[in-house]
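Just below is one structure, and these are the notes that go with it.
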Amino acid sequence: MEDVASPGPATRVSIAKNDEVGAVALALNRAFGYMQDQRSVTRAALATERSRLESLIEHLDEGLLLLDPERCVLLANPVARELLGRTAADLVGQRAEELSRESTLLHDLFRPLLEQEFVRAGETPAPEMLTIHGPDGDPTYYQLTLNHIVSRNRETERTEFVGHILSLRNVSDFKKLDEVKSSYLATISHELKTPLASIKLSLMLLQDERTEPEERQRIADGIRDETQRLLGMVGQLLAVSRLDAGAGIQLDLQPITLAEVVAYATDTVQPQLDDKELQLQVELPADLPAARADVEKTTWVLINLLANGIRYSPRGAALTVRAYHHQEQLEISVQDCGPGIPAQYHERIFQRFAQIPNTTGHKGSSGLGLSISREFIAAQGGRLWVESQPGQGSQFRFTLPLATPEKV
105 MEDVASPGPA TRVSIAKNDE VGAVALALNR AFGYMQDQRS VTRAALATER SRLESLIEHL
165 DEGLLLLDPE RCVLLANPVA RELLGRTAAD LVGQRAEELS RESTLLHDLF RPLLEQEFVR
225 AGETPAPEML TIHGPDGDPT YYQLTLNHIV SRNRETERTE FVGHILSLRN VSDFKKLDEV
285 KSSYLATISH ELKTPLASIK LSLMLLQDER TEPEERQRIA DGIRDETQRL LGMVGQLLAV
345 SRLDAGAGIQ LDLQPITLAE VVAYATDTVQ PQLDDKELQL QVELPADLPA ARADVEKTTW
405 VLINLLANGI RYSPRGAALT VRAYHHQEQL EISVQDCGPG IPAQYHERIF QRFAQIPNTT
465 GHKGSSGLGL SISREFIAAQ GGRLWVESQP GQGSQFRFTL PLATPEKV
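Numbering-wise (the working numbering), the sequence shown opens with residue 105 and increments by one.
Right, here's the structure in full:
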């Protein structure tokens, strides 16, 4: 009977006689067989569950380390091993105190665990930011979270502490978005503060009775320009809000004459041209065909490109607007004599809120105009891009489809 009750392989009771004792032995053997079947099923279920958990941990997209109550590493998944530059043999079985002495990265990883003097059941420390530099030196940001594992013992009805989990989640994209948001808010604040301060000062001068009539007119013109600038900025923000809300771009496509669009855009920026004494040159072929486009949004794009050219051009320089008939498209360009844009930023400047290093002393923009312009042009079936080199100015170019005869 002791052999039957042992945890080893199942042992059946021998049946010597076909009597009452034999009947009992037969019943015991049936019970033992059922128990053995249940044990096999339980073992198979446990093995399946363990395999499932191991597969889940192995395929997590974040780093995970499991430690026992003595702070000894029990498991490190592939992501954690790659981030730490260690093999499983280098980590598993090692104590956190010993590993933390091997490198600064391991010290920073285990510091939240080692600095805790005691652990309360259910206590979760606040996540920390861990920076890991890759082979190229670029930083990658990870959220380091420490969780203490507790388990409920059904037999004692008590909660027991059974280990720790350290997780590393890549939050670089969120970090970059946060930096972009901070930079954008700082830029917008500056952009709003400057014209508002100018308007406030101008109003004070208008209220001064000693101000001459001619000076009052000049001040009023300045207030008008600053107000127009503020309205333009608010318009950009509203356009972005509509696009982000999924409203899309509402187009009124019809045949338009580029000469009229260019004339309206240049008249709009003429005060800015005069202020910087820029020489505007317009080169439009007389036989330029009509384009199929939205006149309002195309004019908006051209005004934005001209305003950028004015902002970065030196005083007295030339600013050129050209148009070409190229195959089934019309191409419009705005050429300035500004500082130019390095090649690595040619695409970045079309991203929302994008800011590039400014070494020229020119006042930056909100980082929205070019992004919205590209979306407006793309929605009309065209393309907007820049050709530029440092020290040689910039040429912004965009295309529009032709108005075919059947659509005119």
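Cβ coordinates follow ideal geometry from the N, Cα and C atoms, glycine included.
In the DSSP assignment, the residues bridged to residue 247 are 233 and 273.
Under the three-state reduction of DSSP output, residue 205 falls in the coil class, being neither helix nor strand. Contact between the segment 493-501 and the segment 380-391 is absent: fewer than three C-beta pairs spanning the two stretches fall below 8 Å. The Cβ neighbour count for residue 211, taken over all protein chains shown within 10 Å, is under 16; the residue is labelled exposed.
Comparing alpha carbon positions, the residue from 487, 207, 460 and 454 closest to residue 473 is 454. Between residue 327 and residue 372 a beta carbon distance of about 17 Å is seen, past the 8 Å cut, so the two are scored as non-contacting. For the options 460, 271 and 439, the alpha carbon positioned closest to that of residue 447 is the one of 460.
Residue nearest to residue 246 within the set 165, 200 and 450 is 165 (criterion: CA-CA distance).
Taking C-beta atoms as the reference points, residue 270 and residue 213 count as a pair closer than 8 Å.
Sequence-distant partners of residue 162 (beyond 5 residues in either direction) whose C-beta falls short of 8 Å from its own C-beta, in its chain, are 181 and 182. When beta bridges are read from the DSSP output, residue 505 appears opposite 433. Per DSSP, reduced to three states, the secondary structure at residue 301 is helical. Leaving aside the five residues that flank residue 419 on each side, the residues in its chain whose CB is nearer than 7 Å to its CB run, in chain order, 380 and 381. Between residue 390 and residue 504, the gap from beta carbon to beta carbon reaches 8 Å or more. Looking at the DSSP output, residue 255 bridges to 264. Going by DSSP, residue 396 is part of the beta strand (DSSP E) stretching over 395-397.
The Cβ-Cβ distance between residue 405 and residue 502 falls below 8 Å. In the structure shown, residue 423 falls within a strand segment according to DSSP collapsed to helix, strand and coil.
Here the alpha carbon of residue 303 sits roughly 13 Å from the alpha carbon of residue 335.
About 5 Å separates the beta carbons of residue 440 and residue 417, which is inside the 8 Å limit, making them a contact pair.
Between the alpha carbons of residue 360 and residue 508 lies a distance of about 12 Å. A Cβ-Cβ contact shorter than 8 Å links residue 410 with residue 369. Per DSSP, the unbroken beta strand (DSSP E) holding residue 492 starts and ends at 488-492.
In the DSSP assignment, residue 367 falls within the unbroken alpha helix (DSSP H) covering 362-379. DSSP places residue 359 within a strand segment (E or B) once states are collapsed to three. In the three-state DSSP reduction, residue 167 falls in the strand class (E or B). Between residue 413 and the set 499, 337 and 475, the nearest pair of CA atoms involves 499. Of the residues assessed, residue 402 falls on the buried side of the cut-off, its CB having 16 or more other CB atoms within 10 angstroms.
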